[in-house]
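Line order of the protein sequences matches chains A and B.
Here the first sequence stands for residues 27 to 211, numbered as in this note's numbering.
Here the second sequence stands for residues 10 to 225, numbered as in this note's numbering.
Built from N, CA and C at the ideal position, the CB exists for glycine as well.
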Amino acid sequence: MVDMAGSEQKLRELLLRGLAGDAAAYHGFLQSLGGHLRAYFRRRLSGLPDEVEDLVQETLLAVHNQRHTYESGQPLTAWAYAIARYKMVDMLRHRSVRAALSDPLDESAELLAASDSNASLEARRDVAQLLKDLPDRWRLPIVHVKLEGLSVAETALRTGMSESAVKVGVHRGLKALAARIRGEE
Amino acid sequence: MKTDELIGMLATNIGAESGYARAGASQRFLLALGWGAFGSTLLMAVLLGVREDLRDAALLPMFWVKLAFPLSLAIAALFASERMGRPGMLLGRVRVALFVPVAIIWVLAAVSLAGASGAEREGLVYGQSWKECQQSIALLSLPMLVASFWAMRGLAPTRTRLAGGMAGLLAGAVGAAAYALHCPELAAPFLGAWYLIGMLIPALAGALVAPLLLRW
Chain A
27 MVDMAGSEQK
37 LRELLLRGLA
47 GDAAAYHGFL
57 QSLGGHLRAY
67 FRRRLSGLPD
77 EVEDLVQETL
87 LAVHNQRHTY
97 ESGQPLTAWA
107 YAIARYKMVD
117 MLRHRSVRAA
127 LSDPLDESAE
137 LLAASDSNAS
147 LEARRDVAQL
157 LKDLPDRWRL
167 PIVHVKLEGL
177 SVAETALRTG
187 MSESAVKVGV
197 HRGLKALAAR
207 IRGEE
Chain B
10 MKTDELIGML
20 ATNIGAESGY
30 ARAGASQRFL
40 LALGWGAFGS
50 TLLMAVLLGV
60 REDLRDAALL
70 PMFWVKLAFP
80 LSLAIAALFA
90 SERMGRPGML
100 LGRVRVALFV
110 PVAIIWVLAA
120 VSLAGASGAE
130 REGLVYGQSW
140 KECQQSIALL
150 SLPMLVASFW
160 AMRGLAPTRT
170 RLAGGMAGLL
180 AGAVGAAAYA
190 LHCPELAAPF
200 LGAWYLIGML
210 IPALAGALVA
220 PLLLRW
């Protein structure tokens with residue numbers, strides 16, 4: 027049993043520091059949230075164990091892409107839980123599994139009830155493969171800035187793109203990645 | 010890609026992404042409101058025309074009630090939409106703000122109907138333009154509907170239909186406010202019926218198309 031109030035506070039603090047630009051704190055936030063998500067999806071999807079890691083990755087990407095929708099006064103758990111649940115329901119609908127989700131709204135607390143930190147698991151759907159299929163204007167900024175850790179200026183120099191095009195490319199590219207995970211486009 | 014690799018990717022260079030800092034939820038809706046209200050008002054002026062006796066009408070208290078009714082609903086729907094764009098947010102007290110303007114207009118309507126004779130009542134409810142009124146409000150709401158869905162698509166609504174309905178209500182309320190500058194009617198029963206229906210048409214449309222347009 028994990029201390030839930032403590033988890034909420036710790037996660038929230040990490041996210042807020044991450045939003046202010048602290049990459050290490052943000053990394054810790056995603057890692058910790060990923061563990062909670064994994065345990066949560068495992069519990070909810072006991073009949074679909076293969077979907078769990080895909081869903082963890084999809085939700086983490088959604089959390090990242092939608093981090094501007096978090097309001098600092100809001101309970102972080104409610105926010106993350108709503109995203110996790112939305113992605114799970116979306117997946118189930120996609121599979122047209124008519125699993126009756128009798129899931130009352132105040133179950134958000136359940137998200138922090140346990141954690142499972144085996145983040146080295148491979149998802150069935152390979153994000154790296156989806157990334158390779160993105161057009162260059164999005165793929166190159168993500169590869170240089172987000173995977174190789176180059177600065178925006180270095181990436182601009184290397185790709186011949188403008189600095190603002192690099193920044194937009196990262197942002198749009200990650201959104202496009204999420205759309206492809208959903209099976210759009 | 011393993012999950013910890015994905016996490017590493019997301020956390021690297023987090024300052025180097027555009028679109029995060031500038032696209033706050035509230036600013037997005039305010040920007041949409043600006044463009045949408047401009048579009049709806051322009052559409053009213055071009056298609057229908059501002060009523061010619063606007064100066065005289067502006068001296069009548071009911072004219073301001075007619076304007077305040079949709080505007081107060083627009084403000085409530087703006088807050089509701091912004092909340093519905095954020096995962097895990099509930100409507101909460103905004104729900105009250107959505108009902109109060111309607112309740113007030115219905116009280117005014119009841120008072121006005123109670124003081125009228127049987128023959129006058131029909132005129133108070135139907136006026137001269139009840140059909141035109143609902144259709145025009147729905148039509149004038151279209152620019153704002155596009156704008157509010159644009160704003161909502163930049164956010165992350167998890168209760169999709171409610172989010173679409175609120176974005177549609179915002180559009181309807183702005184359309185009704187624009188229409189109020191053209192419309193000759195001033196009776197509260199007319200406003201409580203046809204203005205409300207006119208505003209609910211885009212709200213319903215928004216809820217219907219939401220699952221198609223607001224997936225993320």
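- Rounded to the nearest angstrom, the gap between the Cα atoms of L154 of chain B and A106 of chain A is 28 Å.
- Residue-level contact check: L171 of chain B does not touch chain A, since none of the beta carbons of chain A fall below 8 Å from its beta carbon.
- The bridge partners DSSP lists for K11 of chain B are A:E148.
- Here L107 of chain B is not near A119 of chain B, since their CB atoms are 8 Å or more apart.
- As the crow flies, the alpha-carbon of R104 of chain B is around 21 Å from that of W203 of chain B.
- Between the alpha carbons of L213 of chain B and V55 of chain B lies a distance of about 26 Å.
- Boundaries of the alpha helix (DSSP H) around Q83 of chain A: 78-91.
- The beta carbon of L138 of chain A lies closer than 7 Å to those of V28, M30, S33, E34, H62, T103 in the same chain, with the five residues before and after it left out.
- What E26 of chain B touches in chain A, judged by beta-carbon distance under 7 Å, is K193, V196, H197, going in chain order.
- R111 of chain A has its alpha-carbon roughly 39 Å from the corresponding atom of I114 of chain B.
- E39 of chain A has a beta carbon lying at 8 Å or more from every beta carbon in chain B.
- With fewer than 16 other beta carbons inside 10 angstroms of its own, Q155 of chain A counts as exposed.
- Looking at B:G201, B:L221, B:I210, B:R162, the one whose alpha-carbon comes closest to that of V74 of chain B is B:G201.
- Here L148 of chain B is buried: its Cβ has 16 or more other Cβ atoms, across all protein chains shown, within 10 Å.
- Three or more pairs of CB atoms, one per stretch, sit closer than 8 Å, so the region 165-173 of chain B contacts the region 213-225 of chain B.
- Per the C-alpha coordinates, the member of A:K158, A:P101, A:L87, A:L183 positioned closest to H197 of chain A is A:L87.
- V59 of chain B counts as exposed, since fewer than 16 other beta carbons sit within 10 angstroms of its beta carbon.
- Of all residues in the region 83-97 of chain A, only Q83, L86, L87, A88, V89, H90, N91, Q92, R93, H94, T95, Y96, E97 place a beta-carbon less than 9 Å from a beta-carbon of chain B.
- The region 65-85 of chain B makes contact with the region 180-187 of chain B: 3 or more CB pairs, one atom from each, lie closer than 8 Å.
- E174 of chain A sits in coil when the DSSP states are folded into three classes, being neither helix nor strand.
- Nearest in C-alpha terms to R69 of chain A, of all of A:E136, A:R38, A:S98, is A:E136.
- As the crow flies, the alpha-carbon of V192 of chain A is around 11 Å from that of V169 of chain A.
- Two segments are said to touch when three or more pairs of C-beta atoms, one from each, lie closer than 8 Å; by this definition the region 74-89 of chain A touches the region 47-66 of chain A.
- With its beta carbon at least 8 Å from every one in chain B, Y66 of chain A lies outside the interface.
- Non-local C-beta neighbours of M98 of chain B in its own chain, meaning closer than 8 Å and more than five positions away in sequence, comprise R92, ordered along the chain.
- Against K172 of chain A, the close residues of chain B are M18, T21, N22, in the order they occur along the chain (beta-carbon pairs closer than 7 Å).
- No residue range can be given for I168 of chain A, since it is assigned to no alpha helix (DSSP H) and is classified by DSSP as neither H nor E.
- Across the set A:F55, A:R93, A:S190, the C-alpha of A:R93 shows the shortest separation from the C-alpha of A34 of chain B.
- In the DSSP assignment, C142 of chain B falls within the alpha helix (DSSP H) that extends over 139-149.
- Here E131 of chain B is exposed. Its C-beta has fewer than 16 other C-beta atoms within 10 Å.
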